[in-house]
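Enquirer:
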Amino acid sequence: MNAKKLQKQYFQNPNVIFLAKDLLGKVIFTNKHGEITAGIITETEAYFGIEDRASHAYGGLQTARTAAMYQPGGIAYIYLCYGIHHLLNIVASDYDDPKSILIRSVQPYKGISVIEQRRNKPLSDPSISSGPGSVSKALGIDLSFNKKSLAGDEIWIEDLGMKYNLNEIVSAPRIGVAYAKEHALLSLRFYVKESQYVTHPLKPV
DNA sequence: CTAGCGATATTCT
DNA sequence: GAATATCGCTAGG
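As structure tokens, then:
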């Protein structure tokens, strides 16, 4: 178990499907006001950019909100959803290629008591960090993390040597993107089969 | 267990 | 005005 922080080059891969799968088992750390919390990634979704009807950057749309996705990979894109929930995305690929990966669920790994306080739930309740809004709240992520480097000292990702076998990873359609028409059915969501920390378990495709 | 609904920023019509 | 990459609470079977 040789812990190492993932560097920019890792994220600048344009293959978001590979990244979405490879990120399962990696660990996200945050350091907020000196409180360090971390979670093992158990569920992700890939968003493949300007051709993806479900992406905020569909058609090359650029706004103040989506600007982060047009930066080179390796930074965080934090999006305020429904005006309430912060969603954590990992920007992939290169400059002007707005691909990203949404972190949907994690398994608490470090700073458990801090996470329990932030969520006001016991660790025994899997919903403590299942679902993109919950992940952000558990890890203390808010808009101040937007565009932050993922190789910095406020938010970063480590490879602790944990790896899931392909037969432990399930792919399924993305959630909450029915408006995306033909792209709504693509199996771009990936999660760990036996993990309790996933959003409403759907049937594998 | 499932269904309904409120909260509410950004973006588009 | 309407929709959205959601959550958590409430009511009911």
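Positions in the first sequence are counted from 1; adding 55 to them yields the numbering used here.
All C-beta atoms, glycine included, are put in the ideal place defined by N, C-alpha and C.
#1: Closer than 6 Å by C-beta to methionine 217: which residues in its own chain qualify, once you throw out the five before and the five after it? Chain order, please.
#2: Would you mind reading off the limits of the alpha helix (DSSP H) that contains lysine 77?
#3: Taking the DSSP output, what are the residues bridged to proline 163?
#4: Could you tell me if asparagine 220 is buried or exposed, where buried requires 16 or more neighbouring beta carbons within 10 angstroms of its beta carbon?
#5: When the Cα of arginine 159 is compared with those of Ile105, Glu100 and Arg174, which residue comes out closest?
#6: What residue from Val225, Lys236, Ala233 and Asp149 has the CA that sits closest to alanine 75's CA?
#7: Specify whether the stretch 239 to 246 and the stretch 90 to 107 touch according to this definition: at least 3 beta carbon pairs, one from each stretch, less than 8 Å apart.
#8: Could you give the DSSP three-state label for glutamate 223: helix, strand or coil?
#9: DSSP on tyrosine 65, reduced to helix/strand/coil?
#10: Can you list, in chain order, the residues of its chain with a C-beta nearer than 7 Å to that of leucine 257? Leave out the 5 residues immediately preceding and following it.
#11: Straight-line CA distance for leucine 61 to leucine 135?
#12: Using beta-carbon positions only, say whether isoleucine 112 and proline 153 come within less than 8 Å of one another.
#13: When the Cα atoms are used, what is the spatial distance from lysine 203 to isoleucine 230?
#14: Please classify alanine 122: does DSSP put it in a helix, a strand, or coil?
#15: According to DSSP, is serine 168 part of a helix, a strand, or is it coil?
Expert: So, from the listed chains and residues:
#1: Position 162 of the first sequence, counted from the start, is the residue given in the question as residue 217. Excluding positions up to five away in sequence, the list reads Gly80.
#2: Position 22 of the first sequence, counted from the start, is the residue given in the question as residue 77. According to the sequence shown, residue 77 is aspartate rather than lysine. 71 to 77 is the extent of the alpha helix (DSSP H) around aspartate 77.
#3: In the first sequence, counting from the first residue as 1, residue 163 sits at position 108. According to DSSP, proline 163 bridges with Gly94.
#4: The residue you call residue 220 lines up with position 165 of the first sequence. So asparagine 220 ends up on the exposed side.
#5: Indexing the first sequence from 1 puts residue 159 at position 104. Comparing Cα-Cα distances from arginine 159 to each of Ile105, Glu100 and Arg174, the minimum goes to Glu100.
#6: Sequence index remark: in the first sequence, residue 75 carries index 20 (1-based). That would be Val225, whose Cα lies nearest to the Cα of alanine 75.
#7: yes
#8: Residue mapping note: residue 223 aligns to position 168 of the first sequence, counting from 1. Three-state DSSP puts glutamate 223 in a helix.
#9: One-based indexing of the first sequence puts residue 65 at position 10. Here tyrosine 65 sits in helix by DSSP.
#10: Along the first sequence, one-based indexing puts residue 257 at 202. In this prediction, leucine 257 has a pLDDT of 45, which is less than 50 and means its spatial position is unreliable; what the coordinates show is noted afterwards. Around leucine 257: Ala227.
#11: In the first sequence, the residue the question calls residue 61 occupies position 6. In the first sequence, the residue the question calls residue 135 occupies position 80. The straight-line gap from Cα to Cα measures roughly 25 Å.
#12: As a position in the first sequence, residue 112 is number 57, starting the count at 1. As a position in the first sequence, residue 153 is number 98, starting the count at 1. Sequence inspection shows alanine at residue 112; the isoleucine mentioned does not correspond to that position. Going by C-beta atoms, alanine 112 is nearer than 8 Å to proline 153.
#13: For this step, residue 203 is matched to residue 148 along the first sequence. For this step, residue 230 is matched to residue 175 along the first sequence. Answer to the nearest angstrom: the Cα atoms are 26 Å apart.
#14: Locating residue 122 in the first sequence gives position 67, counting from the first residue. Residue state, collapsed to three classes: helix.
#15: Looking up residue 168 in the first sequence gives position 113. Residue state, collapsed to three classes: helix.
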